[in-house]
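See below for the structure under consideration.
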Amino acid sequence: MKAVLMTATGSPEVLQVQEVPNPAVPVGNTELLIRLVAAGLNPIDTKLRSRGTFYPEQMPAILGCDGAGVVEAVGTGVQRFRPGDEVYFCMGGLGAHQGNYAEYTVVNERFVARKPASISFAEAAAAPLVLITAWEALYERGRLEPGERVLIHAGAGGVGHVAIQLAKLKGASVSTTVSSEEKANFVKQLGADHVIFYKQMDFVQAALNWTNGEGVDLAFDTVGGETFHKTFPAVRVYGDIVTILEPNANTIWKNARIRNLRISLELMLTPALLGLEQSLQHHAEILEQSANWIDQGRLKIHVSHKFPLKEAAKAHQLLETGSITGKIVLLISDE
255 MKAVLMTATG SPEVLQVQEV PNPAVPVGNT ELLIRLVAAG LNPIDTKLRS RGTFYPEQMP
315 AILGCDGAGV VEAVGTGVQR FRPGDEVYFC MGGLGAHQGN YAEYTVVNER FVARKPASIS
375 FAEAAAAPLV LITAWEALYE RGRLEPGERV LIHAGAGGVG HVAIQLAKLK GASVSTTVSS
435 EEKANFVKQL GADHVIFYKQ MDFVQAALNW TNGEGVDLAF DTVGGETFHK TFPAVRVYGD
495 IVTILEPNAN TIWKNARIRN LRISLELMLT PALLGLEQSL QHHAEILEQS ANWIDQGRLK
555 IHVSHKFPLK EAAKAHQLLE TGSITGKIVL LISDE
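Counting the sequence shown from 1 gives a position; my numbering is that position plus 254.
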């Protein structure tokens, strides 16, 4: 099969299309052989490419955590799927197990969800990591409740545009930061109640004005760096802030302590890195519920750019500009 191999650590040019052996057809187990139609790109892919995977001794590597495709064969213990089923999932791509920049992969049925019927494979492949990240950050780390007010940074981005919709589905009011009128129109279409042009105004003051000086109940940081600690004053006393980035060593914690904030870290890759199978199964359950909302027209996945598999390097270059609306996808085969 064709696959994009990360042949070394470095620039996007280390991604090379090569012929590699097909994965073994599953026999006597609960695994699925999946013909991949599309693979989603995420910032973790570019970080692993430039810095090295979590398993540097296992090179070359195939990146790509997100995939969508068709079940080709099943192990004898499989109960939920059969050949021909369309699926999507977040599995592999961290260095230990094959990722989804390839024509085929093998995944345990417990970690796979049925693809939403109403969307394309490209849209489905763009969804898993950002859906799980936003779901865990808002519903589980942030304990979001109906009627609460949420500040979501970078609402037009991959995680952000899904987080806006999940917050609205929970019955929350949403304020979000954007950099342009085009992105403002985009997030309003997703349901954002209040838009902050962070390049033109102080987002903290804007959030305080929106909440009559009280601060938001929950802030969701998808940007990191100084944005994380600069957000503290925008959160109400005894409120929550969740970040998907590791706080810097020079983070200024004073405002968080004075306001007695509950601070949570969200890394949806934890179950894969630590081998937590029950949590990986929970990820599939999140995708199943999200598929229901997608098919009901209550949740949308925005794909801004599509590249053929052979242009994975170009896709990485674009992702690293940091200005993408929605998601980027690699197309592996015809739908």
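Ideal Cβ placement from N, Cα and C applies to all residues, glycine included.
- At least 8 Å separates the beta-carbon of Val258 from that of Leu573.
- Counting the other CB atoms within 10 Å of its CB gives Met260 a total of 16 or more, which places it among the buried residues.
- Taking C-alpha positions only, Asn276 is separated from Lys437 by approximately 41 Å.
- Put simply, the backbone Cα of Arg397 is about 29 Å away from that of Glu363.
- For the 8 Å CB-CB criterion, Ser434 and Leu405 do not form a contact.
- Contact between Ser372 and Ile548 holds, since their C-beta atoms are separated by about 6 Å, short of 8 Å.
- In the assembly as shown, Phe308 is an exposed residue. Its beta-carbon has fewer than 16 other beta-carbons within 10 Å.
- Beta-bridge annotation (DSSP): Ser577 is not paired with any residue.
- By the beta-carbon neighbour count (other beta carbons within 10 angstroms, threshold 16), Asn502 is exposed.
- If one requires a minimum length of 3 residues, the beta strand (DSSP E) runs lying completely within the region 264–317 are 269–273, 285–294, in chain order.
- Per DSSP, Pro487 has no beta-bridge partner at all.
- Under DSSP, Lys256 forms a beta bridge with Glu273.
- Around the Cβ of Val281, a 10 Å sphere holds fewer than 16 other Cβ atoms; the residue is exposed.
- DSSP, reduced to helix, strand and coil, places Asp549 within a helical segment of the structure shown.
- For the 8 Å CB-CB criterion, Asp475 and Leu444 do not form a contact.
- Counting C-beta atoms within 10 angstroms of its own C-beta, Glu402 has 16 or more neighbours from the protein chains shown and is therefore classed as buried.
- Arg511 carries a helical assignment under DSSP once its states are collapsed to helix, strand and coil.
- By the Cβ criterion, the region 377–396 is not in contact with the region 477–492, since fewer than three pairs of Cβ atoms, one from each stretch, lie closer than 8 Å.
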